[in-house]
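Number of protein chains: 2
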Amino acid sequence: MLLLDDEYFMQQALQEAQNAFDEEEVPIGAVVVINNKVVARGHNQTERLNDPTAHAEMIALTSAFNHIGAKYLPDATLYVTVEPCLMCCGALYWSKINRIVYGATDEKNGGLRFFIDGDGLIKPELWPFHPKTQLVKGVLGEEAALLMKTFFKSRR
Amino acid sequence: MLLLDDEYFMQQALQEAQNAFDEEEVPIGAVVVINNKVVARGHNQTERLNDPTAHAEMIALTSAFNHIGAKYLPDATLYVTVEPCLMCCGALYWSKINRIVYGATDEKNGGLRFFIDGDGLIKPELWPFHPKTQLVKGVLGEEAALLMKTFFKSRR
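Protein sequences, first through last, are from chains Z and P. The numbering of the first sequence is the numbering used here, which starts it at 5 and goes up by one. The numbering of the second sequence is the numbering used here, which starts it at 5 and goes up by one.
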């Protein structure tokens with residue numbers, strides 16, 4: 005279910021992606037929202053930290069756990085500009101998050117392809133998240149994809 | 005390929021698992037080995053840190069990246085007492101690690117079931133790690149499983 009505020013919060017995630025871009029990191033950003041309030045932010049920092057696990061989602065999730073002092077986020081939505089990778093899908097599973105909203109599809113490193121059947125839908129027996137988690141895609145996806153494209157073009 | 009030293013290093017990972025047990029954490033431990041030397045250790049700290057992503061593997065990997073000052077581990081082996089979950093499989097992918105050696109199978113939370121075909125083998129097109137990564141299972145698996153069983157029995 006797409007909510008009216010989804011574009012507003014994805015815009016915040018895009019700002020985080022822009023911060024990553026400005027730091028010469030792959031431009032992906034994420035925010036965690038609870039009760040219509042951003043409680044945590046993150047952007048990709050794999051280069052700065054020399055750590056390929058320092059993805060926007062991991063940083064935003066860990067920040068959110070710290071913020072609420074609990075290890076589950078059943079009332080939260082994570083907005084991320086690009087489809088989560090396998091690792092971040094797994095982290096989102098553990099978080100028991102309420103909703104995941106992402107922008108652009110990532111054909112190379114997106115994690116969802118592992119769970120998808122020939123018909124393009126996620127197989128119920130391979131649903132990688134908590135059973136109650138909702139997944140929404142394509143929110144401001146073109147903006148997110150353009151930022152990625154511009155970044156990789158500039159690196160060639 | 006099972007190496008002669010695999011049991012020796014898995015014993016070190018089991019010691020980490022014991023440390024987790026003593027801290028009332030789910031008893032899973034991991035070590036990262038390069039050139040026959042342990043360069044990083046980790047044990048599950050999800051309770052202490054209020055963070056369900058604080059798995060033994062994640063902690064050991066991030067510690068290893070810090071230790072070598074690079075974001076890939078093509079010469080390293082990760083020893084972990086229990087089959088990695090989906091998140092940790094994804095993190096191991098990003099690490100480009102040379103070998104993964106695990107002990108006990110985890111039927112509930114192990115990540116490998118997502119990639120396995122009806123014949124019990126990982127489908128080549130769903131291989132979740134770097135193409136060069138080797139996977140070895142069952143090293144001191146009974147010891148690792150016993151520690152897990154004892155832990156969960158004591159919590160009932």
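Cβ atoms here follow ideal geometry from the backbone N, Cα and C, with glycine treated the same way.
Contact between P/Phe-25 and P/Phe-155 holds, with the beta-carbon distance rounding to 6 angstroms and staying under 8 angstroms.
Collapsing the DSSP output to three states places Z/Lys-100 in coil. Nearest CB-CB separation between Z/Leu-90 and chain P: below the 8 angstroms threshold.
Taking C-alpha positions only, P/Pro-56 is separated from P/Met-152 by approximately 17 angstroms. Between the segment 135–149 of chain Z and the segment 77–88 of chain P, the count of Cβ pairs shorter than 8 angstroms is below three; the stretches do not touch. Within its own chain, the residues whose Cβ lies closer than 8 angstroms to the Cβ of P/Glu-28, once the five positions on either side in sequence are excluded, are Glu-51, listed in chain order. Boundaries of the beta strand (DSSP E) harbouring Z/Arg-45: 41–47, taken from the DSSP string. For Z/Ala-64, the enclosing alpha helix (DSSP H) covers residues 60–72. Excluding five sequence positions before and after P/Leu-90, the CB atoms of its chain that fall closer than 8 angstroms to its own CB belong to Gly-115, Phe-118, given in chain order.
According to the DSSP secondary-structure assignment, P/Gln-138 is paired through a beta bridge with P/Arg-103. For Z/Tyr-76, there is no enclosing alpha helix (DSSP H), since its DSSP letter is neither H nor E.
Shown here, P/Gly-124 sits in coil according to DSSP, grouped into three states, outside any helix or strand.
A distance of 8 angstroms or more separates the beta carbons of Z/Arg-103 and Z/Ser-67.
Contact note: P/Phe-69 reaches chain Z through Asn-54, Asp-55, using a C-beta cutoff of 7 angstroms and chain order.
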